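Trainee: In my numbering, the protein residues as written are 61 to 795. C-beta: ideal position from N, C-alpha, C; glycine also. Computed from a prediction, not measured in an experiment: that's the story for all the values here. Shown below is the structure under consideration.
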């Protein structure tokens, strides 16, 4: 009986145990079904927070989860009792599919520990060159495995949370990231973080002070010296100052700016620095004196750079990426320009080499930091200090131009003016340029003012004699070379000459050179120094005066004096048997005074121009058409000697002059009286031949208008003095 009760008792115990296992299995299955939509994250190793540690890099010690959806299930780190739990976290904004950074902290001490979790909103390190991360929130929320959510602290430069750990407590945290870029999370001791901020503010304040003083100093120099390099350099300093104010966080203290708007200001500051550097390069190297298309390209580049500042309002990240790319392009182009000009000996390019080399090193370091090859607070501080050093070197480079001679830059003159300085001022005031020839090196050096006037690249005329002669007019080269040889043969002397130099557009400028070479027994030590003066205006005025002296001002035809000179030359050549005998055709327009009275002088001048064009169509290149004055013309014919051809030409001329002209809706027909005379060897001078042609013309006019009369020897027996008198009386009556 006792054995039966014992057997029944064992059977009932076994049945109860099976039901208990089934119940536990059911509970586990239900929990798994409820948590099925959540992704499971494995437990992480807890980070031991010791009181003596000032900061801990949480990013490197935590676990990153991406693409897990809006919910994440995590296993908590085991505590001192070894218990491992599970926590499910939900995204702050549904549908964002954020990234998660899971980490655990443990407090092994017997005291409560408080730490600040800091995630900077912007760091230059690993921000990418194109489409960079400028300024954005990093952490949306932090969810602990137990206790209350950490308190968010107010800061414009970082996402900060206050974390507290009780003695012996282990807490697992899930940080929801609000940006695609993995943030740098650092767990700071509050006192250490405050001390670090104070040190950084002191360092940043020193850099800001240096940059601000430099910008003010360069601006003040521009007020006294109005060279373009000073406002260009001051603009670089002001742009750097604006960039530092934004990067160091002083901008938000000066102006109330929302944290989300800082990306706009940061992109505009980077674009401003790039634009100011391009403008400085253009002004300092005097790119405006180069070829027109190079100048246009640079201005388009500068305009595009300043346009990026405005474009930053629309798309800050794209504007910042383009500005960073432009800095790389500017470094390459600027290096090529500086190297080219330095090899040609330009002083400005040589002075800019140290600053530019430092800028290239700075850009390389910045590229390494931006691409994530270098990181750390020391790298960022070194980059900021390097930019300040570049600005200071640029300031020193351009400042020396402020303390040159007053004529060279308008700087203040200290002390009394010396005799040499007065001569230098006199030379600059006269508009002359210094010219120098070194016989030993066969080198010619010309002041930059000449290259600027010719539109040539700076340094083009600082070359050898042969290359200098290539810029000279072909007819002036040998004469100039012979003068230099003469100085060498005479071992010194004076050089006075005029020559033409070619401009970029193909035209020429006249220059007067007056130089002197000191006597020297050694021709290799011979140096000739003098002044070049642009005399193009004087030459053109002289040529214009010479032209007006022997040409008619209305028609541009030769006047009476030039016609008689050419006629005299033709007579001389004919009597020497070198050319044909000249024939003169004297033409007088009939009743032309009536046209001036009826229609005015302007119409009369227009008709004279028309008559001159008609007459010139019937001449050969070796013949001459001249306006003798008023309504009288003369033709000197050398190409034709056959009387029939001469008569035919005279008839064509007469008919051409009769062709009607339309004036104010009316047809006006003009006629001419023509006298022809052929050189027969009796006339002594060209003036005699012209007078005989006038006698023949007057005989034709006396016989009626529109007639041709050929001079004959019988006309010489008439009273020649009466015929000119008759001509003068006829013209007086017409007036």
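Report buried or exposed for residue 231, applying the criterion of at least 16 other Cβ atoms within 10 angstroms of its Cβ.
Mentor: Translated into the one-based positions of the chain shown, residue 231 becomes position 171. Buried is the call here.
Trainee: How many angstroms separate the CA atom of residue 226 from the CA atom of residue 215?
Mentor: Mapped onto the chain shown, residue 226 falls at position 166. Mapped onto the chain shown, residue 215 falls at position 155. Rounded to whole angstroms, residue 226 to residue 215 spans 26 Å at the Cα level.
Trainee: Using C-beta distances below 6 Å, list every residue in its chain close to residue 89, excluding the 5 sequence neighbours before and after it, in chain order.
Mentor: Position 29 of the chain shown, counted from the start, is the residue given in the question as residue 89. In this predicted model, residue 89 has a pLDDT of only 42, less than 50, meaning its place in the structure is not dependable; the value taken from the coordinates is given anyway. Hits under 6 Å: none found.
Trainee: Please give me, in chain order, every unbroken run of the beta strand (DSSP E) with length at least 3 that falls completely inside the segment 136-216.
Mentor: Correct list: 146-150, 160-166, 173-180, 199-204, 211-213.
Trainee: Is residue 248 helix, strand or coil when you go by DSSP?
Mentor: Within the chain shown, residue 248 is the residue found at index 188, counting from 1. Of the three classes helix, strand and coil, the one that applies to residue 248 here is strand, per DSSP.
Trainee: Go to residue 798, then tell me how far its beta strand (DSSP E) extends in each direction, as first and last residue.
Mentor: Look at the range of the chain in this structure, 61 to 795, and you will see that residue 798 is not part of it.
Trainee: How would you call residue 86, buried or exposed, if buried means at least 16 neighbouring beta carbons within 10 angstroms?
Mentor: For this step, residue 86 is matched to residue 26 along the chain shown. Low confidence applies to residue 86: its pLDDT is 46, below 50, so where it sits in the model is not reliable, and the reading given next is rough at best. With fewer than 16 Cβ atoms within 10 Å of its Cβ, residue 86 is classed as exposed.
Trainee: Rounded to the nearest angstrom, what separates residue 708 and residue 531 at their Cα positions?
Mentor: Counting from one through the chain shown, the residue named residue 708 turns up at place 648. Counting from one through the chain shown, the residue named residue 531 turns up at place 471. Spanning the two alpha carbons is a distance of roughly 51 Å.
Trainee: In whole angstroms, what is the alpha-carbon distance linking residue 77 and residue 178?
Mentor: Along the chain shown, read from residue 1 onward, the residue named residue 77 stands at position 17. Along the chain shown, read from residue 1 onward, the residue named residue 178 stands at position 118. In this predicted model, residue 77 has a pLDDT of only 45, less than 50, meaning its place in the structure is not dependable; the value taken from the coordinates is given anyway. Whole-angstrom Cα-Cα distance: 53 Å.
Trainee: Quick check: the segment 377-395 against the segment 539-559, are at least 3 beta-carbon pairs closer than 8 Å?
Mentor: The segment 539-559 vs the segment 377-395: no contact.
Trainee: Looking at the unbroken alpha helix (DSSP H) that takes in residue 654, where does it start and where does it end?
Mentor: Translated into positions along the chain shown, residue 654 becomes position 594. 652-659 is the span of the alpha helix (DSSP H), which, as asked, contains residue 654.
Trainee: What are the boundary residues of the alpha helix (DSSP H) that includes residue 404?
Mentor: Your numbering for residue 404 matches position 344 in the chain shown. Note, residue 404: premise wrong, no alpha helix (DSSP H); not H, not E.
Trainee: When DSSP builds the beta bridges, which residues end up paired with residue 570?
Mentor: The count along the chain shown starts at 1 and reaches residue 570 at position 510. Partner(s): 560.
Trainee: Less than 8 Å between the CB atoms is what I'm expecting for residue 717 and residue 732, so what's the real figure, rounded?
Mentor: In the chain shown, residue 717 corresponds to position 657, counting from 1. In the chain shown, residue 732 corresponds to position 672, counting from 1. Going by Cβ atoms, the distance from residue 717 to residue 732 rounds to 5 Å, so yes, they are a contact pair.
Trainee: For residue 727, which three-state DSSP category applies?
Mentor: Position 667 of the chain shown, counting from 1, holds the residue named residue 727. Residue 727 falls in the strand class under three-state DSSP.
Trainee: Quickly, what does DSSP pair residue 221 with across the bridge? List them, please.
Mentor: Reading the chain shown from its first residue, position 161 is the one you call residue 221. 177, 212.
Trainee: With a cut-off of 8 Å, do at least 3 Cβ pairs link the segment 635-653 to the segment 571-586?
Mentor: No: fewer than three Cβ pairs fall under 8 Å.
Trainee: Could you check which residue in 518, 551, 534 has the C-alpha nearest to that of residue 566?
Mentor: Counting from 1 along the chain shown, the entry for residue 566 is found at position 506. Ranking the options by Cα distance to residue 566, first place goes to 534.
Trainee: Using only CA atoms, which one of 751, 660, 174, 527 lies nearest to residue 504?
Mentor: Looking up residue 504 in the chain shown gives position 444. Here the closest residue by C-alpha is 527.
Trainee: Return the chain-ordered ranges of every beta strand (DSSP E) run that is complete within the segment 682-728 and spans a minimum of 3 residues.
Mentor: Listed in chain order, they are 684-689, 692-697, 721-723, 726-728.
Trainee: Is the CB-CB distance between residue 167 and residue 228 below 8 Å?
Mentor: As a first step, residue 167 must be located in the chain shown, where it is residue number 107. As a first step, residue 228 must be located in the chain shown, where it is residue number 168. For residue 167 and residue 228, yes; Cβs fall inside 8 Å.
Trainee: Between residue 551 and the rest of its own chain, which residues show a CB-CB distance below 8 Å, the 5 nearest in sequence each way excluded?
Mentor: For the purposes of this step, residue 551 is taken as the residue at position 491 of the chain shown. Excluding sequence neighbours, residue 551 sits near 579, 580, 581, 583, 586.
Trainee: Taking the Cβ atom as the reference point for each residue, do residue 271 and residue 314 lie within a distance shorter than 8 Å?
Mentor: Residue numbering aside, residue 271 sits at position 211 when the chain shown is read from its first letter. Residue numbering aside, residue 314 sits at position 254 when the chain shown is read from its first letter. No, the Cβ-Cβ distance between residue 271 and residue 314 is not below 8 Å.
Trainee: Straight-line CA distance for residue 775 to residue 633?
Mentor: Locating residue 775 in the chain shown gives position 715, where the first residue counts as 1. Locating residue 633 in the chain shown gives position 573, where the first residue counts as 1. Distance between the alpha carbons of residue 775 and residue 633 is about 26 Å.
Trainee: Can you tell me whether residue 618 is helix, strand or coil according to DSSP?
Mentor: In the chain shown, residue 618 corresponds to position 558, counting from 1. It is a strand residue.
Trainee: Out of 152, 747, 135, 391, which one is the CA nearest neighbour of residue 146?
Mentor: Sequence index remark: in the chain shown, residue 146 carries index 86 (1-based). If we check each option's Cα against that of residue 146, 135 comes out closest.
Trainee: Which residues does DSSP list as the beta-bridge partners of residue 769?
Mentor: Against the chain shown, residue 769 aligns to sequence position 709. Answer by DSSP bridge pairing, in chain order: 735.
Trainee: From 175, 431, 609, 279, pick the residue whose C-alpha is nearest to that of residue 193; which is it?
Mentor: Looking up residue 193 in the chain shown gives position 133. Minimum Cα distance to residue 193 is reached at 431.
Trainee: Would residue 737 and residue 710 qualify as a contact pair, given that the criterion is a beta-carbon distance under 8 Å?
Mentor: For the purposes of this step, residue 737 is taken as the residue at position 677 of the chain shown. For the purposes of this step, residue 710 is taken as the residue at position 650 of the chain shown. Going by C-beta atoms, residue 737 is not nearer than 8 Å to residue 710.
Trainee: Whose CA, out of 523, 564, 445, 601, lies closest to the CA of residue 403?
Mentor: One-based indexing of the chain shown puts residue 403 at position 343. Comparing Cα positions, the closest option is 523.
Trainee: Note down, in chain order, each residue of its chain lying with its Cβ closer than 7 Å to the Cβ of residue 537, except the 5 sequence neighbours on either side.
Mentor: Residue numbering aside, residue 537 sits at position 477 when the chain shown is read from its first letter. The answer, listed in chain order, is 529.
Trainee: Provide the residue span of the alpha helix (DSSP H) that contains residue 459, from first to last.
Mentor: For the purposes of this step, residue 459 is taken as residue 399 along the chain shown, with counting starting at 1. Here the alpha helix (DSSP H) through residue 459 covers 437-459.
Trainee: What first and last residue would you give for the alpha helix (DSSP H) that runs through residue 123?
Mentor: Within the chain shown, numbered from 1, the residue matching residue 123 stands at position 63. First-last for residue 123: 123-125, but that is the beta strand (DSSP E), not the alpha helix (DSSP H).
Trainee: Could you name the residues of the same chain whose beta carbon sits closer than 7 Å to that of residue 309, not counting the 5 residues immediately before and after it, in chain order?
Mentor: Along the chain shown, read from residue 1 onward, the residue named residue 309 stands at position 249. Result list for residue 309: 216, 217, in chain order.
Trainee: Between the alpha carbons of residue 174 and residue 307, how many angstroms are there, rounded?
Mentor: The residue given as residue 174 occupies position 114 in the chain shown. The residue given as residue 307 occupies position 247 in the chain shown. Distance between the alpha carbons of residue 174 and residue 307: 29 Å.
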